[in-house]
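Enquirer: In this note's numbering, the protein residues as written are 158 to 462.
#1: What residue ranges within the segment 255-311 form continuous alpha helix (DSSP H) runs of no fewer than 4 residues, ordered along the chain?
#2: Report the option in 231, 226, 402 and 454 whose CA atom is closest to the CA atom of residue 349.
#3: Report the rounded CA-to-CA distance for residue 450 versus residue 281, giving the unit in angstroms.
#4: Determine the contact status of residue 179 and residue 215, defining contact as a CB-CB distance below 8 Å.
#5: If you reduce the DSSP assignment to three classes, tell me which class residue 190 lands in.
#6: Express the C-alpha separation of residue 440 and residue 234 in angstroms, rounding to a whole number.
#7: Can you list, in chain order, the stretches of the alpha helix (DSSP H) that have 4 or more residues and sit fully within the segment 177-229?
#8: May I have the straight-line CA-CA distance separating residue 436 from residue 448, to the nearest angstrom?
#9: With three or more beta-carbon pairs closer than 8 Å as the criterion, would you say the segment 318-329 touches the segment 361-370?
#10: Do residue 271 and residue 197 have their CB atoms nearer than 8 Å?
#11: When DSSP builds the beta bridges, which residues end up paired with residue 349?
#12: Judging by CA-CA distance, which residue of 426, 418, 173 and 397 is the nearest neighbour of residue 279?
#13: For residue 146, which residues in the same chain have their Cβ closer than 8 Å to its Cβ, ignoring the five residues on either side in sequence?
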């Protein structure tokens, strides 16, 4: 039945059939995360980084109503040029974008769903969504967290985006039974910064250890994903005070302008980039590349088990 909706790129399909390592990649980072042409350049660089490690990249999106697992360079360029005009797609949006034969850029949640449909277990991204600041009043909680609770895909990320309420995000993941694994770290990274005051559940120091833990989890039918928190490289990490000030300013502006819901994250990330003189965009790109490398290494080890 899935074949009616799902297209798996031949290279990706062959790799999956031969139990070769595949790493899923999201497309919201292309359409909504960065300006053109930097977004396309980064997406292709991330794919090449995964190939260099010995794995196959599978960038995921919806094109003309078809679920696409693995994109061509032309399709990536198309999404990058279209930018925010492309629908930002989470779980609730998928059937409507498909039925309407529209284009959609997949969030972390939607990418997990499509990756799971195709049989891909490892997914590398920038940062996950989470509980937004002020959620006690707004109930603004990313669908990424529920997807992590239910879908068997591991997400390699640089922690939760620093625009979020990290304490509540951490609490939500714990309540949902989602393990937070720190890769060579004892604290939850905060996207642009390597550390935060929040702990992780387990520190694992090698891709082998992570792959073994994931294999055990899913073979025992302990459903749901896992967060593999991979700190941004030291040389690209930003000063905590500079990021905190920029985030606080951006949040105040979003509140003044009445920006909330699915529009808030793109606005806040873009505004933080402006307030830091573009430094946050450079850091964002480097942390995505860092996650792609680790994702490929974990996928390789997982495929060998």
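Using N, Cα and C, we set each Cβ at its ideal position, and we do this for glycine too.
Keep in mind the model is a prediction, meaning the values are calculated, not measured.
Expert: On the basis of the coordinates in this document:
#1: 265-275, 292-295 and 300-307
#2: 402
#3: 9 Å
#4: yes
#5: coil
#6: 22 Å
#7: 185-188 and 195-210
#8: 19 Å
#9: no
#10: no
#11: DSSP, once it has assigned bridges, lists no residue as partnering residue 349.
#12: 173
#13: The chain is shown from 158 up to 462; residue 146 falls before or after that span and cannot be answered.
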